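Enquirer: Okay, so the sequence shown: first residue is 0 according to numbering that gives the first Met the number 0, each after it adds one.
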Amino acid sequence: MAKNNAPTLMDKLGSLCKRRGYVFQSSEIYGGLNSCYDYGPLGTELKKNVKELWWKAMVYERDDIEGLDSSILMHPQIWKASGHVDGFTDPMVDCKECKMRWRADQVDRDKGCPNCGGELTEPRMFNLMFKTFMGPVENEASVVYLRPETAQGIYVNFHNVREAGRQKIPFGIAQIGKAFRNEITPGNFIFRTREFEQMEMQFFVKPGSDEEWFDYWKEKRVAWYERLGIKKDKLRFHQHSEKELAHYAKKAFDIEYEFPFGWSEIEGIHNRTDFDLLRHQEYSGKDLRYYDQEANEKYIPYVIETSTGVDRLMLTALVDAYEEEAERVVLRLKPQIAPIKAAVFPLVKKDGMPEIAQKLFADLKRDFKVFYDEAGSVGRRYRRQDEAGTPYCITIDGETVKDGTVTIRDRDSMEQFRIDQGKVFDFLRERII
Ligand code: ATP
Numbered sequence: 000m001a002k003n004n005a006p007t008l009m010d011k012l013g014s015l016c017k018r019r020g021y022v023f024q025s026s027e028i029y030g031g032l033n034s035c036y037d038y039g040p041l042g043t044e045l046k047k048n049v050k051e052l053w054w055k056a057m058v059y060e061r062d063d064i065e066g067l068d069s070s071i072l073m074h075p076q077i078w079k080a081s082g083h084v085d086g087f088t089d090p091m092v093d094c095k096e097c098k099m100r101w102r103a104d105q106v107d108r109d110k111g112c113p114n115c116g117g118e119l120t121e122p123r124m125f126n127l128m129f130k131t132f133m134g135p136v137e138n139e140a141s142v143v144y145l146r147p148e149t150a151q152g153i154y155v156n157f158h159n160v161r162e163a164g165r166q167k168i169p170f171g172i173a174q175i176g177k178a179f180r181n182e183i184t185p186g187n188f189i190f191r192t193r194e195f196e197q198m199e200m201q202f203f204v205k206p207g208s209d210e211e212w213f214d215y216w217k218e219k220r221v222a223w224y225e226r227l228g229i230k231k232d233k234l235r236f237h238q239h240s241e242k243e244l245a246h247y248a249k250k251a252f253d254i255e256y257e258f259p260f261g262w263s264e265i266e267g268i269h270n271r272t273d274f275d276l277l278r279h280q281e282y283s284g285k286d287l288r289y290y291d292q293e294a295n296e297k298y299i300p301y302v303i304e305t306s307t308g309v310d311r312l313m314l315t316a317l318v319d320a321y322e323e324e325a326e327r328v329v330l331r332l333k334p335q336i337a338p339i340k341a342a343v344f345p346l347v348k349k350d351g352m353p354e355i356a357q358k359l360f361a362d363l364k365r366d367f368k369v370f371y372d373e374a375g376s377v378g379r380r381y382r383r384q385d386e387a388g389t390p391y392c393i394t395i396d397g398e399t400v401k402d403g404t405v406t407i408r409d410r411d412s413m414e415q416f417r418i419d420q421g422k423v424f425d426f427l428r429e430r431i432i
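(1) How about residue 192: is its Cβ closer than 7 Å to a heavy atom in the ligand ATP?
(2) What do you get for residue 94, buried or exposed, if any count of 16 or more other CB atoms within 10 angstroms of its CB means buried?
(3) Determine the burial state of residue 348: buried for a count of at least 16 other Cβ atoms within 10 Å of its Cβ, exposed for fewer.
(4) The ligand ATP and residue 195: does any heavy atom of the ligand fall closer than 7 Å to the residue's C-beta?
(5) Return the chain-ordered list of same chain residues with a C-beta closer than 6 Å to the C-beta of residue 370, the five sequence neighbours on each side being excluded.
(6) Is the beta carbon of residue 337 less than 8 Å from the beta carbon of residue 395?
(7) At the level of alpha carbons, what is the spacing between residue 134 and residue 276?
(8) May I ask you to verify whether the segment 319 to 333 touches the segment 272 to 287, counting CB pairs closer than 8 Å and requiring at least 3?
(9) Just grab the DSSP bridge partners of residue 411 for me.
(10) Taking the alpha carbon of residue 281 as the reference point, which residue from 412, 210, 81, 245 has its own alpha carbon closest?
(11) Roughly how many angstroms lie between the CA atoms of residue 107 and residue 68, to the nearest whole one?
(12) By alpha-carbon positions, which one of 96, 35, 146, 279 ends up nearest to residue 190?
(13) Could you pull out every residue in the same chain whose Cβ sits closer than 8 Å to the Cβ of residue 251, ignoring the five residues on either side in sequence?
(14) Tell me residue 263's beta-bridge partners as DSSP assigns them.
(15) Output yes or no for whether 8 Å exceeds the beta carbon distance between residue 405 and residue 420.
(16) Can you tell me where the beta strand (DSSP E) holding residue 198 begins and where it ends?
(17) Given residue 24, which residues of its chain have a CB within under 6 Å of its CB, disregarding the five upstream and five downstream residues?
(18) Going by beta carbon distance, what residues of the same chain come within less than 8 Å of residue 40, once the five residues before and after it are set aside?
(19) Buried or exposed: which applies to residue 132, given that a residue is buried once 16 or more other Cβ atoms fall within 10 Å of its Cβ?
(20) Given 7 Å as the limit, tell me if residue 86 has its C-beta closer than that to any heavy atom belonging to the ligand ATP.
(21) Between the beta-carbon of residue 192 and the beta-carbon of residue 256, is there less than 8 Å?
(22) Hey, is residue 308 close to the ligand ATP, as in C-beta under 7 Å from one of its heavy atoms?
(23) Looking at C-alpha atoms only, which residue of 145, 428, 310, 28 is the closest neighbour of residue 364?
(24) Suppose contacts are defined by Cβ-Cβ distances below 8 Å. Is residue 391 in contact with residue 407 by that definition?
(25) Where do the N-terminal and C-terminal ends of the alpha helix (DSSP H) with residue 355 fall, by residue?
(26) Helix, strand or coil: how does DSSP classify residue 67 here?
(27) Going by DSSP, what residues sit across from residue 246 in a beta bridge?
(28) With a threshold of 6 Å on Cβ separation, who are the neighbours of residue 176 within its own chain once the five nearest residues in sequence on each side are excluded?
(29) Which runs of the beta strand (DSSP E) at least 3 residues long sit entirely within the segment 271 to 340? Give them in chain order.
(30) Near residue 144, what residues of its chain come up, given a Cβ to Cβ distance below 7 Å and the 5 sequence neighbours on each side ignored?
(31) I'd like the span of the beta strand (DSSP E) that includes residue 147, first residue to last.
(32) Going by DSSP, what residues sit across from residue 101 in a beta bridge?
(33) Answer with buried or exposed for residue 105, where buried requires no fewer than 16 other C-beta atoms within 10 angstroms of its C-beta.
(34) Rounded to whole angstroms, what is the Cα-Cα separation between residue 12 and residue 253?
(35) Any contact of the segment 258 to 266 with the segment 320 to 327, i.e. 3+ C-beta pairs under 8 Å?
(36) Mind checking which residues open and close the alpha helix (DSSP H) that includes residue 132?
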C-alpha cells in the first residue's frame with residue numbers, strides 16, 4: 000500500500016488478479032511463499048497465449064530457427080564453463096538491526112537500511128543459483144543446479160539441433176522454459192521472482208556479421224511488442240554501458256517498459272560473441288567449431304541472444320491493459336492474448352434463449368476459450384467480462400429467436416451491433432487468430 004493508504008495501481012492490479020483468477024500467492028493457505036506465484040485459470044490462459052505468440056514469431060514463421068526443450072538439471076560443469084559458479088553473484092548487504100538483506104547496488108549505504116534506517120554491513124558476494132543434490136548421497140560430488148537461464152541448454156545442443164534440423168549458419172534455436180534465481184530482492188509482484196519462465200532465442204552467426212545481426216534482432220524484437228498489444232510510447236531501449244555489460248557480452252540493449260514503479264527491463268538483447276561455445280569447447284574437450292562449406296573454413300560462431308521472461312511480459316500486458324473508467328474497470332488485452340475470447344449470454348433464462356446460447360457456446364468452444372454466463376443482469380455480466388479482459392460478449396435475445404441474429408458487444412468501445420449467429424465463428428476467427 001502507498002504511504003497515504005490509498006491503493007496504488009499495483010495494489011489494485013494485484014487484487015484484480017486474485018479476484019478474477021489471474022495470479023495467486025503461492026502456498027497461500029500456509030501464509031504464502033515469498034516471491035512465488037501460482038497462475039489461476041485466466042492467468043494460465045494468458046501465459047499460454049503469450050508463449051504461443053512468441054513461438055509463432057520465432058519458430059513457425061521462420062525457416063532459420065528451430066525449437067528446443069532442454070532439461071532444467073544439467074551437468075554441473077556447464078555452470079563452471081558458463082561462468083555462473085564463479086561469477087553469477089550479486090554483492091549484498093545486511094541490515095544489522097532488522098536483518099533485512101539488500102542488493103548493494105540498490106541501496107545507499109550511507110543512508111542505512113531502507114526498511115528501518117539501521118546500519119548496513121559491508122557488501123558480500125552471494126551466488127544466485129539454487130543448489131540441490133542428484134541421487135541419494137548429499138555431498139559435493141552430487142551437487143547440481145537449477146538452471147538460472149535456459150540459454151546454456153541451447154549452447155550445449157548447438158550441434159545436435161544444427162544436424163537434426165539440417166541448418167546452416169546463420170540460424171537460431173528458441174526455447175521456452177523455467178529458470179530459477181535466488182534473487183536477493185525479489186518484488187513488484189511477478190516482475191522479479193525466484194522461479195520464472197524465460198523465452199530465449201540464440202542466433203548463431205559468422206563472426207564479423209554479428210553487428211549486423213544484432214541490429215536486426217534489436218529492431219525485430221521491439222516490433223514484436225506491437226503484436227503483444229503494448230503501447231509504443233511505453234517502450235524504450237536502454238544500452239548497457241561498459242560497466243553494466245555482462246562478462247560474456249560485447250554489446251547489449253534492454254527493451255524497457257514504463258511500469259508504475261519506473262522504467263524497467265523486460266527483454267535483453269546481447270551480443271554474446273563466441274564466449275559460451277568457446278568455453279564449452281574448453282571445458283567439454285569437444286570440438287564445437289562449425290564447418291562452413293562455402294568458405295571452406297572452421298570457426299566458432301558468434302551468438303546474438305534475445306531473452307525475455309514470460310511472467311514479466313504478463314505483468315507488462317496486464318499493466319498496459321488496465322484502465323479505470325467512471326463505471327468500470329477494464330483490461331484492454333489484445334484479443335490474441337486475452338484468456339477468454341468471448342462470453343455467451345442468454346438475455347433471460349426463458350423463451351428458448353438458454354438453449355440457443357448453449358448451442359452457440361458448444362460450437363465455439365471447439366476452437367476458442369469461451370465462457371457461458373446466465374447469472375445476473377446483462378450489465379453486470381458485461382462488467383465481469385470487462386475486468387477479465389474478454390474482448391467480445393455475445394447475447395442471445397428476443398430478436399435471435401425471431402431472426403437468428405445475435406448482439407455482439409465490443410469490450411473497448413462498448414458498442415453493440417447485430418450479426419447473424421452463423422457468422423460469429425468467422426467474426427471471432429478474423430479478430431483473434
Ligand atoms: P535484472 O537486471 O532485472 O536482474 P537480468 O539482466 O539479470 O535482469 P537477464 O539475465 O538478461 O536479466 O534475463 C533476461 C530476461 O529474463 C529479463 O529481461 C526478464 O524478462 C527475465 N527475468 C530475469 N530475471 C527474472 C526474475 N527474477 N523474475 C522474472 N523474470 C526475470
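The beta-carbon is built from N, C-alpha and C at its ideal position, and this holds for glycine as well.
Computed from a predicted structure; not experimentally measured.
Expert: Inspection of the coordinates gives the following:
(1) yes
(2) Buried, because 16 or more other Cβ atoms sit within 10 Å of the Cβ of residue 94.
(3) exposed
(4) yes
(5) 339, 342
(6) No, the pair does not count as a contact, with Cβ atoms beyond the cut-off.
(7) 29 Å
(8) no
(9) Beta-bridge partners assigned by DSSP to residue 411: none are found.
(10) Comparing Cα positions, the closest option is 81.
(11) 41 Å
(12) 35
(13) Only 238, 239, 243, 244, 245, 267, 268, 269, 270 meet the Cβ criterion.
(14) 256
(15) yes
(16) 194 to 204
(17) 31
(18) 20, 338
(19) exposed
(20) no
(21) no
(22) yes
(23) 428
(24) yes
(25) 352 to 363
(26) strand
(27) Looking at the DSSP assignment, residue 246 forms no beta bridge with any residue, so it has no partner.
(28) 149
(29) 289 to 291, 296 to 298, 301 to 308, 321 to 323, 328 to 330
(30) 75, 78, 128, 129, 130
(31) Unbroken run through residue 147: none, as it is neither H nor E.
(32) 92
(33) exposed
(34) 25 Å
(35) no
(36) Where residue 132 is concerned, there is no enclosing alpha helix (DSSP H), although the beta strand (DSSP E) it sits in stretches over 129 to 132.
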